[in-house]
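In what follows, a structure is listed as structure tokens, so that the remarks can point back to it.
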Amino acid sequence: MNLKGQKEIVIKHVKEHGEIDALTAIMEYGITRLGGRVHELQDSEHALRAYPHPDLPHPWVIYRPNWDMRKEAVLRHWAITTAPRKPLLNMTMTELENHIRKLTSRSFDLANKLAAMQEEMTHHRNILPTA
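For what it's worth, the UniProt record's numbering labels the leading residue of the sequence shown as 1, then goes sequentially.
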């Protein structure tokens, strides 16, 4: 299985179950380097954070969504993709209008993505046991 496929499996499992640990990754999916896959996701909207495993001794950890890093990655991506290619003062009126349309469209996309993340966070809080 390629690394991209492994990352997709980890993302899917966390969306469905709210968390994943190394034992689950090995037994169910054959992913032996879960920490490596988690590290590759750190700068994305699928960032995970390690917590002490509730049932196993140290150094076992369980990975759950890192909402702060996820939100930061989404906002960073939005800022990069909406930055104008040249200074606003040097734009023609048509270029300026197109840029405003792009910002409006991307702002709507950003609001939808943040709302979806909020909904996912609420879902995860409901499926995870309380500490």
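Where a beta carbon is used, it is the ideal one built from N, C-alpha and C, also for glycine.
Just so we're clear, the structure is a prediction, and the values are computed from it rather than from any experiment.
Using DSSP with H/G/I as helix, E/B as strand and the rest coil, what is residue i?
{"i": "residue 62", "result": "strand"}
{"i": "residue 50", "result": "strand"}
{"i": "residue 31", "result": "coil"}
{"i": "residue 55", "result": "coil"}
{"i": "residue 109", "result": "helix"}
{"i": "residue 43", "result": "coil"}
{"i": "residue 73", "result": "helix"}
{"i": "residue 83", "result": "coil"}
{"i": "residue 92", "result": "coil"}
{"i": "residue 98", "result": "helix"}
Could you tell me the alpha carbon to alpha carbon distance between residue i and residue j, rounded to whole angstroms?
{"i": "residue 66", "j": "residue 15", "result": "12 Å"}
{"i": "residue 92", "j": "residue 69", "result": "37 Å"}
{"i": "residue 115", "j": "residue 74", "result": "12 Å"}
{"i": "residue 108", "j": "residue 20", "result": "32 Å"}
{"i": "residue 31", "j": "residue 41", "result": "15 Å"}
{"i": "residue 5", "j": "residue 121", "result": "24 Å"}
{"i": "residue 87", "j": "residue 95", "result": "11 Å"}
{"i": "residue 123", "j": "residue 46", "result": "15 Å"}
{"i": "residue 90", "j": "residue 43", "result": "33 Å"}
{"i": "residue 17", "j": "residue 7", "result": "15 Å"}
So, under 8 Å CB-CB, residue i and residue j are touching, yes? Tell me the CB distance rounded to an integer number of Å.
{"i": "residue 50", "j": "residue 63", "result": "6 Å"}
{"i": "residue 10", "j": "residue 37", "result": "5 Å"}
{"i": "residue 82", "j": "residue 102", "result": "7 Å"}
Tell me, which residues are paired with residue i by DSSP?
{"i": "residue 20", "result": "63"}
With a threshold of 6 Å (Cβ to nearest heavy atom), would residue i be considered close to the ligand NAD?
{"i": "residue 69", "result": "Of ligands this structure carries none, so the ligand NAD is not represented either."}
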